[in-house]
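Student: Below is one structure. I have some questions about it.
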């Protein structure tokens with residue numbers, strides 16, 4: 028029989044606090060433990076724990092959404108939990124509290140849970156999960172990683188697993204909801220750290236993790252030592268943008284495919300009234316006027332959501348709708364999303380109504396004021412200049428020919444291969460995807476061809492120049508080829524990470540060539556993902572023959588350059 032103490036300090040959720048106390052008492056009784064519980068209200072303390080009780084306790088559970096006065100613990104280990112976890116499985120919380128302190132104190136075996144996520148939800152998400160899993164296993168820890176990919180959450184963490192965890196690691200390039208982890212020791216980083224050196228990430232998380240505090244939203248803990256640095260600010264802005272892009276992509280992909288299918292069934296003029304009521308006309312309108320029309324509002328809404336949590340969604344989407352209606356497109360959507368997000372975040376911090384009226388903020392006050400601010404700014408100040416800028420860019424892109432198109436294709440292509448799914452790659456991809464809403468399709472074609480080239484070039488090089496690759500690398504190159512035809516550039520990362528000075532220049536050269544040929548030939552692509560599997564769809568790609576030439580030329584150049592640059596394998 029153990030002696031357990033619990034401190035519940037949740038003044039904004041008194042009823043749930045009382046229910047959690049009862050759940051803990053019942054679970055302790057069933058397990059044969061003694062328990063004493065202190066419940067801290069706004070003005071009083073119920074069941075105050077004295078120094079003798081704290082000194083004699085085998086474990087202390089702290090459930091804090093307010094001041095728990097933990098200074099009186101004098102540095103002794105405690106187990107942090109949150110109300111929802113306790114209500115879901117109080118027994119698991121008590122078990123974790125009794126077992127967590129020795130592991131934390133001795134640096135022994137830890138129970139770790141994690142979440143990985145990236146903007147497209149395909150390669151980086153699962154590569155980061157694999158990196159964390161292997162690193163934890165190498166260090167002798169238990170781990171379970173939830174992946175929030177393009178098909179939703181997989182390997183989802185349960186309340187009991189979170190309650191029992193000693194450490195939470197978030198490796199994500201998008202916003203992740205952290206409500207489940209209030210009170211848990213949590214460390215946040217991007218996916219790149221988990222992919223490149225998972226062992227170092229786990230060790231750093233073990234040393235630097237801090238208890239996550241609820242902040243009325245999805246607070247993003249800073250992994251950097253100096254969270255106020257300019258680098259951290261840029262990283263946060265990138266994460267907000269990528270969150271918007273990740274939610275936008277399914278709408279763009281679906282809309283593009285439906286538009287292509289409409290053209291395939293009804294011809295290139297299927298949208299005219301002469302075809303009204305036909306299957307092709309209907310599919311075109313579903314794609315263009317439903318799925319595609321939501322692209323900019325979704326982008327803006329989820330940028331604002333990433334910054335300000337749920338109260339930012341309505342102002343962000345409203346700003347995105349305004350951006351679409353006044354012709355400022357995806358650039359206006361990005362501007363509206365950031366304005367809405369930061370405006371709502373500022374208002375949320377400054378408007379304090381007390382606990383009796385705070386419930387009005389997320390459903391009435393913040394959406395109303397945020398929508399008003401972003402709407403007025405978009406209509407009267409920012410909308411028209413951004414629309415003019417987008418119009419100028421659109422006209423310039425549509426008029427590109429010859430050397431100008433060649434140069435832009437080379438730049439976009441090189442960006443796609445430079446970091447293979449990192450910020451530079453995503454910048455090129457976001458630029459091309461956003462232009463689809465303005466009916467500019469050539470950059471999208473160049474970007475997808477250039478994104479397929481690196482893993483395809485590696486697969487071809489492993490076939491032609493076997494002595495440059497180890498047996499394991501040749502086997503891995505086969506998988507890279509499959510990823511390449513699926514437009515998953517990240518398939519090249521393991522090869523680039525192993526020999527970056529020789530591999531990355533070869534990949535950039537091939538992708539730059541593929542992008543240049545695609546742009547110079549006037550190839551256009553209406554679908555922002557899918558690789559070679561969307562190419563057979565009629566009218567999905569214009570000038571398909573030259574597009575295939577661009578893809579083959581880039582692949583061959585990458586393979587030849589790898590054969591020249593790489594040294595023979597041992």
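In my numbering, the protein residues as written are 28 to 597.
Ideal placement from N, C-alpha and C gives every residue a C-beta, glycine not left out.
#1: So, with DSSP's three-state summary, where would you put residue 169?
#2: Enumerate, from N- to C-terminal direction, the unbroken alpha helix (DSSP H) stretches of 4 or more residues contained entirely within the region 269-326.
#3: Residue 300: buried (16+ other C-beta within 10 angstroms of its C-beta) or exposed?
#4: Rounded to whole angstroms, what is the Cα-Cα separation between residue 76 and residue 138?
#5: What is the DSSP secondary structure of residue 252, reduced to helix, strand or coil?
#6: How many Å lie between residue 4 and residue 119 at the Cα?
#7: Go to residue 99, then tell me how far its alpha helix (DSSP H) extends in each direction, as first and last residue.
#8: As a quick exercise: from 410, 425 and 380, pick the residue whose alpha carbon is nearest that of residue 352.
#9: Return the residue from the list 530, 125 and 229 that minimises the CA-CA distance to residue 170.
#10: Between the alpha carbons of residue 453 and residue 443, how many angstroms are there, rounded?
#11: Quick one: complete alpha helix (DSSP H) runs, 4+ long, within the region 431-492?
#12: Are the beta-carbon atoms belonging to residue 580 and residue 540 less than 7 Å from one another?
#13: What's the gap between the Cα of residue 83 and the Cα of residue 94?
#14: Does the region 521-536 touch the region 423-433, meaning 3 or more C-beta pairs lie closer than 8 Å?
#15: Measuring CA to CA, which of 584, 449 and 302 is closest to residue 201?
#16: Nearest CA to the CA of residue 561: which residue from 577, 80 and 514?
#17: Would you call the CB atoms of residue 371 and residue 342 closer than 7 Å?
#18: What first and last residue would you give for the alpha helix (DSSP H) that runs through residue 216?
#19: How is the beta strand (DSSP E) around residue 144 delimited, first residue to last?
#20: Under three-state DSSP, which class holds residue 39?
#21: If you count every other CB in all the chains shown that lies within 10 Å of the CB of residue 403, and 16 or more means buried, which is it?
#22: Just to confirm, is the Cβ distance from residue 198 to residue 221 under 7 Å?
#23: Report the option in 234, 496, 475 and 412 whose CA atom is closest to the CA atom of residue 595.
#24: I need the boundaries of the beta strand (DSSP E) containing residue 374, first residue and last residue.
#25: Taking the alpha carbon of residue 603 as the reference point, which residue from 311, 275, 123 and 161 has its own alpha carbon closest?
#26: Between 167, 164 and 174, which lies nearest to residue 156 when the distance is taken from Cα to Cα?
#27: Determine which residues share a DSSP beta bridge with residue 80 and list them.
#28: With respect to the beta strand (DSSP E) encompassing residue 65, which residues constitute its N-terminal and C-terminal limits?
#29: What distance in whole Å lies between the Cβ atoms of residue 236 and residue 214, which are believed to be in contact at a cut-off of 8 Å?
#30: What number of angstroms, rounded off, separates the C-alpha of residue 484 from the C-alpha of residue 563?
Tutor: Per the coordinate set shown:
#1: Residue 169 sits in a strand when the DSSP states are folded into three classes.
#2: Those alpha helix (DSSP H) runs which fall completely within the region 269-326 and span 4+ residues are 306-312.
#3: Classification of residue 300: exposed, given that the 10 Å Cβ count is below 16.
#4: Approximately 29 Å, taken between the alpha carbons.
#5: Confidence at residue 252 is low in this model, with a pLDDT of 38, below 50, so the placement of that residue should be treated as unreliable; the coordinate-derived value is given next. DSSP places residue 252 in coil when its eight states are reduced to three.
#6: Shown here, the chain extends from 28 to 597; a query on residue 4 therefore has no answer.
#7: Counting along the chain, residue 99 falls outside any alpha helix (DSSP H), and DSSP gives it neither H nor E.
#8: Selected option, being the one with the closest Cα: 410.
#9: Minimum Cα-Cα distance from residue 170 among the listed residues 530, 125 and 229 corresponds to 229.
#10: C-alpha of residue 453 to C-alpha of residue 443: approximately 8 Å in a straight line.
#11: You should have 450-462 and 469-491.
#12: Result yes, Cβ atoms of residue 580 and residue 540 sit closer than 7 Å.
#13: Approximately 23 Å, taken between the alpha carbons.
#14: Verdict: no, contact absent.
#15: For residue 201, the closest of 584, 449 and 302 by C-alpha to C-alpha distance is 449.
#16: Just measuring C-alpha positions, the residue of 577, 80 and 514 sitting nearest residue 561 is 514.
#17: In contact: residue 371 and residue 342 (Cβ atoms closer than 7 Å).
#18: In the DSSP assignment, residue 216 falls outside any alpha helix (DSSP H) and within the unbroken beta strand (DSSP E) covering 212-216.
#19: For residue 144, the enclosing beta strand (DSSP E) covers residues 138-144.
#20: Residue 39: coil per DSSP, three-state reduction.
#21: So residue 403 counts as exposed.
#22: In contact: residue 198 and residue 221 (Cβ atoms closer than 7 Å).
#23: Looking at the Cα atoms, 496 is the closest of the given residues.
#24: Boundaries for residue 374: no beta strand (DSSP E) harbours it, while the alpha helix (DSSP H) harbouring it runs 356-377, taken from the DSSP string.
#25: Residue coverage of the chain in this structure runs from 28 to 597, which leaves residue 603 outside it and unanswerable.
#26: The shortest C-alpha separation from residue 156 is found at 174.
#27: BP columns for residue 80 are empty, so no partner.
#28: Counting along the chain, the beta strand (DSSP E) containing residue 65 begins and ends at 61-67.
#29: Residue 214 to residue 236, Cβ: 4 Å. Contact.
#30: Cα to Cα, residue 484 sits roughly 22 Å from residue 563.
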